[in-house]
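J.: Top to bottom, those sequences are chains A, B, C and D. The working numbering puts the first residue of the first sequence at 1, with every later residue one more than the last. The working numbering puts the first residue of the second sequence at 1001, with every later residue one more than the last. The working numbering puts the first residue of the third sequence at 2001, with every later residue one more than the last. The working numbering puts the first residue of the fourth sequence at 3001, with every later residue one more than the last. Got a structure for you, written out below as structure tokens; questions coming shortly.
Protein chains: 4
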Amino acid sequence: MDSGRLEAFSDGVFAVAITLLALNLVISGPGPHQPTLAAKLGDHWPVFAAYAVSFATIGIIWVNHHALFKNISEIDRTLLFVNLLLLFFVVSIPFVTDTIAAYLRAGGGNAALAGALYQGVFEAMSISFTLLFWQAIRREHLQVSLTPRQARQATIRFGIGNLGYIAGIGLAFASAPASLALSGLVAVYYIFEQTPGRAPQPPHPSTSTDPGSTTR
Amino acid sequence: MDSGRLEAFSDGVFAVAITLLALNLVISGPGPHQPTLAAKLGDHWPVFAAYAVSFATIGIIWVNHHALFKNISEIDRTLLFVNLLLLFFVVSIPFVTDTIAAYLRAGGGNAALAGALYQGVFEAMSISFTLLFWQAIRREHLQVSLTPRQARQATIRFGIGNLGYIAGIGLAFASAPASLALSGLVAVYYIFEQTPGRAPQPPHPSTSTDPGSTTR
Amino acid sequence: MDSGRLEAFSDGVFAVAITLLALNLVISGPGPHQPTLAAKLGDHWPVFAAYAVSFATIGIIWVNHHALFKNISEIDRTLLFVNLLLLFFVVSIPFVTDTIAAYLRAGGGNAALAGALYQGVFEAMSISFTLLFWQAIRREHLQVSLTPRQARQATIRFGIGNLGYIAGIGLAFASAPASLALSGLVAVYYIFEQTPGRAPQPPHPSTSTDPGSTTR
Amino acid sequence: MDSGRLEAFSDGVFAVAITLLALNLVISGPGPHQPTLAAKLGDHWPVFAAYAVSFATIGIIWVNHHALFKNISEIDRTLLFVNLLLLFFVVSIPFVTDTIAAYLRAGGGNAALAGALYQGVFEAMSISFTLLFWQAIRREHLQVSLTPRQARQATIRFGIGNLGYIAGIGLAFASAPASLALSGLVAVYYIFEQTPGRAPQPPHPSTSTDPGSTTR
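This is the structure in structure tokens:
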């Protein structure tokens, strides 16, 4: 079974989830005793901040998903269901984004729980992606197998996301806004990350002649 | 007419329907006399349970749809419309999911009706899928025809879903939560099901040399 | 420019619009002085009726769009924008569906206007599709050109939809439910229509040897 | 990395964003002291006007995106992220459309701010598209390189959009409805624009023999 339709379905889910994020931005219309639009927009900053972080995170998952499946030649039933597990958490992101936006300034246990829930879904999504990657390696479904150096780099890359979100769960109990900022930093890290031998993207089969591979 | 665009349109509908499920998860923001977020989330369990079962069910329909159409070489007008009938019930799933989530603890006739409606849409979806399968066989549109053993297995596979949802309609009148749990079990069954000769997925044309085919 | 991406974008819009129809089905949860779920569902019939008619209509537009573009070899800028015009009315269908569902039993001028608006969007969508078809013929973009008989049949086919929706606009002023029923009949007609030489779907290039073509 | 999946994901986002625009059209149902449907629809004109302008604008971005990527042979990580930046602003369009529709007649600073926000997102989207175009040229990813005349024309084309939206930000402080009308004019300009050597769409490699290229 080829990966075309899995990618099409996943792209659809990513596209809908990333666009639904914006449904929560809506601001109430003008009314007799309402504050000005400027005041409302200013008051709305947690919604915009959560929207930006979640948009960047879903965008990066999509980029990584794209890179991983470029190198997968064959799909089996297990991969289909691990991919569905990943999508389950992606689809939950608009919900936890709304929740953290609503409770970010509530303080106390409410903000902490909203922050931990947000980070928890990101962590679960990150773990699902790692499972997808392991499953792809274990079943020898990669078109171009990884060199040990590439495998180490991939482990480091996934580790940074996983550790960031776990730290975020803890940080949420100290400060929900700080934990949201941390998720934003993780997203920025992935945007600018340029490891030369990015594991899931060996540009050409000739990467197996990469000097690192001589340590195999 | 090839099946590419039918699959693309169906994938779009599956992707939107599965993502819209999460729109119902939203929790009201903090307010003066409101319970804590933890209390709200705890109180919200029917919404999460219904979301998980519906997500898994749509995911499995998609996997089976994917498997069926891999083996269909040609699409005619009847298949297009039977597929639209299937999508009609898929699109209805977010509605019945919201309804069962809202009424699960209402008890009495309300919960029973909400549960029966939920199971009824799943059953209608399951029947539509069976019609799609029969239509594909009858018109000899399969690229690889089924052996009698494969046809028997396919009948058993579809039967389990159909019987499960019909039993769920009855069970809803005794206990709506139990009927929701039953749908969850049907979904789990399909996730772990590994019948060797899964009918709509003959891996290679060489399956026609399968020992079971000698009984033809 | 090939038609692949136009079809993918259009499929996305069709898929989202058809799935958003179901957002309006939502029923309020149980409450202290609320009627039973059965009473609410019964009271909700205009919503279900409008949903079914709109679903069938969008489904049929999609089937016809699919059939038309199978036979178009090349896309120019005009076709792109006529297609956007068609999508503009498709995207408006969830709105007019909600409106007719809300006002169907309101009676008087309100129901008539809601019905006329519904039929008017269907008529505008139908005219856009006719423009798309004419544009495709005029620019000689069809892979297989139509015989005069096929062209006559295509004109009849489009005419039935156009006349049905225009009649529906008028009928809405007498009875909004009757105009909704008429749109449902138009949809049923297209589902069962089986004209042998359906214009946009010449099965093989050999249709140019069709006897009708001798009258050219 | 080829551009297929980037286009599929982008098409999904464009399709969902353009369809979500219509969610805001909804009109409240009939009630005891409510105005007639005709009065409500008449009162609703800013919603319809904003919907039409935003629909046309997203449609045109999609047409231009389509034209640009037809001529891009290879995608790198930078292009993926610049494309995500473009999609970030596309996804924000339903939000600013709702806001301008709600505040268009509010007058004073509220209407001005709503108008400036609307134009600002369009301008940011336009700048992102220009960045995407520059990035595509700079990295020599175009399959058919541009002649100097084509490059000049492309600069003029992008400039008109950019200047139009910047003018719109200023105009919003004088009159929000006038700024909305200006965005509509920009959209109409792009629909009817027919520059012969449209930069991102060189119809054939033979355009390099275009007389303009002799000035190179």
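We treat Cβ as the ideally placed atom computed from N, Cα and C, and that holds for glycine. In this text the structure is predicted, and so the values were computed from the model without any measurement.
From the DSSP output, read off the bridge partner residues of I58/A.
T.: Per DSSP, none; premise fails for I58/A.
J.: If distances are taken between C-alpha atoms only, which option among L2079/C, H2044/C and I2100/C comes closest to S2128/C?
T.: Closest by alpha carbon: L2079/C.
J.: Would you grab the beta carbon distance between T3097/D and S3054/D for me? Rounded to a whole angstrom, and I think it's under 8 angstroms.
T.: Yes, they are in contact, since the Cβ atoms of T3097/D and S3054/D sit about 4 angstroms apart, within 8 angstroms.
J.: Which of the three DSSP states is assigned to I3075/D in this structure?
T.: It is coil, neither helix nor strand.
J.: Looking at chain C, which residues of the region 1090-1112 of chain B have a Cβ within less than 8 angstroms of any of its Cβ atoms?
T.: Within the region 1090-1112 of chain B, the residues whose Cβ lies closer than 8 angstroms to some Cβ of chain C are V1091, S1092, P1094, F1095, D1098, T1099, A1102, Y1103, A1106, G1109 and N1110, listed in chain order.
J.: List the residues of chain D that A2067/C touches, going by C-beta distances under 7 angstroms, in chain order.
T.: Near A2067/C there are no residues of chain D at all, since even the closest Cβ is about 20 angstroms away, more than 7 angstroms.
J.: Along chain D, which residues have their Cβ under 9 angstroms away from the Cβ of G2159/C?
T.: Here the premise fails: no neighbours, minimum Cβ distance about 28 angstroms.
J.: Quick one: is W2045/C buried, meaning 16 or more other Cβ sit within 10 Å of its Cβ, or exposed?
T.: Exposed is the call here.
J.: Of all Cβ atoms in chain B, is any one closer than 7 angstroms to the Cβ of L2025/C?
T.: Taking Cβ atoms only, chain B reaches closer than 7 angstroms to L2025/C, which makes this a yes.
J.: Going by the beta-carbon positions, is the gap between V3091/D and T36/A smaller than 7 angstroms?
T.: No; because the gap between Cβ atoms is not below 7 angstroms, this pair is not in contact.
J.: Contact defined as beta carbons within less than 8 angstroms: I believe G1115/B pairs with I1100/B. What is the distance between those atoms, to the nearest angstrom?
T.: 6 angstroms between Cβ atoms; contact.
J.: List, in order along the chain, the chain A residues whose C-beta lies closer than 7 angstroms to that of G1059/B?
T.: Here the neighbours are L84.
J.: Taking its Cβ as the centre, do 16 or more other Cβ atoms sit within 10 Å of R3005/D, making it buried, or is it exposed?
T.: The residue in question, R3005/D, is buried, as its Cβ has 16 or more Cβ neighbours within 10 Å.
J.: Taking only beta-carbon atoms, is G2012/C less than 7 angstroms away from chain D?
T.: Chain D, which has a Cβ nearer than 7 angstroms to the Cβ of G2012/C, makes this yes.
J.: In chain order, which alpha helix (DSSP H) runs of at least 4 residues are fully inside the region 2088-2171 of chain C?
T.: Listed in chain order, the complete alpha helix (DSSP H) runs (minimum 4 residues) inside the region 2088-2171 of chain C are 2108-2138.
J.: Give, in chain order, every residue of the region 2032-2055 of chain C whose Cβ lies closer than 7 angstroms to some Cβ of chain B.
T.: So the list reads T2036, L2037, A2038 and F2055, given in the order they occur along the chain.
J.: List, in chain order, every chain D residue whose beta-carbon is nearer than 7 angstroms to that of F2009/C.
T.: Those within 7 angstroms of F2009/C in chain D are D3011, F3014, A3015 and W3062.
J.: Using a Cβ-Cβ distance cut-off of 7 angstroms, determine whether A1124/B contacts chain C.
T.: No, because no Cβ of chain C sits closer than 7 angstroms to the Cβ of A1124/B.
J.: Determine whether the Cβ of R2005/C lies closer than 7 angstroms to any Cβ atom of chain D.
T.: Judged by the 7 angstroms Cβ criterion, R2005/C is in contact with chain D.
J.: In three-state terms, what does DSSP make of H33/A?
T.: Residue state, collapsed to three classes: coil.
J.: Please confirm if I2191/C has its CB atom under 7 angstroms from at least one CB of chain B.
T.: True, the Cβ-Cβ gap to chain B drops below 7 angstroms.
J.: By alpha-carbon positions, which one of A124/A, A49/A and L68/A ends up nearest to A102/A?
T.: Answer by Cα proximity: A49/A.
J.: How would you list, in chain order, the residues of chain D whose beta-carbon sits under 8 angstroms from the beta-carbon of P30/A?
T.: Under the 8 angstroms cutoff, chain D gives A3102, Y3103, A3106 and N3110.
J.: Shorter than 7 angstroms from the beta carbon of L132/A to some beta carbon of chain B?
T.: With 7 angstroms as the cut-off, L132/A does not count as an interface residue toward chain B.
J.: Anything in chain B within Cβ reach of L20/A, meaning under 9 angstroms, just list it in chain order.
T.: Per Cβ cutoff of 9 angstroms: T1019, L1020, A1022 and L1023.
J.: Note down, in chain order, every chain A residue with its Cβ under 7 angstroms from the Cβ of A3114/D.
T.: Under the 7 angstroms cutoff, chain A gives L37.
J.: Among residues of its own chain, excluding the 5 on either side of G184/A, which ones have a beta-carbon nearer than 6 angstroms to its beta-carbon?
T.: Counting only Cβ-Cβ distances below 6 angstroms, and skipping sequence neighbours, we find V53.
J.: Evaluate A17/A with the Cβ neighbour count: other Cβ atoms within 10 Å of its Cβ, from every protein chain shown; 16 or more gives buried, anything less gives exposed.
T.: Answer is buried; the Cβ neighbour count reaches 16.
J.: By the three-class DSSP mapping on this structure, what secondary structure does I2027/C have?
T.: If DSSP states are grouped into helix, strand and coil, I2027/C belongs with coil.
J.: Closest to L3085/D by C-alpha separation, out of L3104/D, F3133/D, A3151/D and L3113/D, would be which residue?
T.: The residue with the shortest Cα to Cα distance from L3085/D is F3133/D.
J.: So is F3129/D in contact with chain A if we call contact Cβ pairs under 7 angstroms?
T.: Not one chain A Cβ lies under 7 angstroms of F3129/D.
J.: So P1177/B and L1104/B are supposed to be a Cβ contact under 8 angstroms. How far apart are they, rounded?
T.: Indeed they touch by this definition, with Cβ atoms about 6 angstroms apart.
J.: What residues of chain D sit near A2173/C, judged by a beta carbon separation below 8 angstroms?
T.: The amino acid at residue 2173/C is misidentified as Ala; the sequence shows Phe. Correct list: empty, because the minimum Cβ distance to chain D is about 13 angstroms.
J.: For the ligand MN, any of its heavy atoms closer than 6 angstroms to the Cβ of G2115/C?
T.: The ligand MN is absent from the structure shown, which contains no ligand whatsoever.
J.: The alpha helix (DSSP H) spanning S2183/C covers which residue range?
T.: Element bounds for S2183/C: A2176 to F2192.
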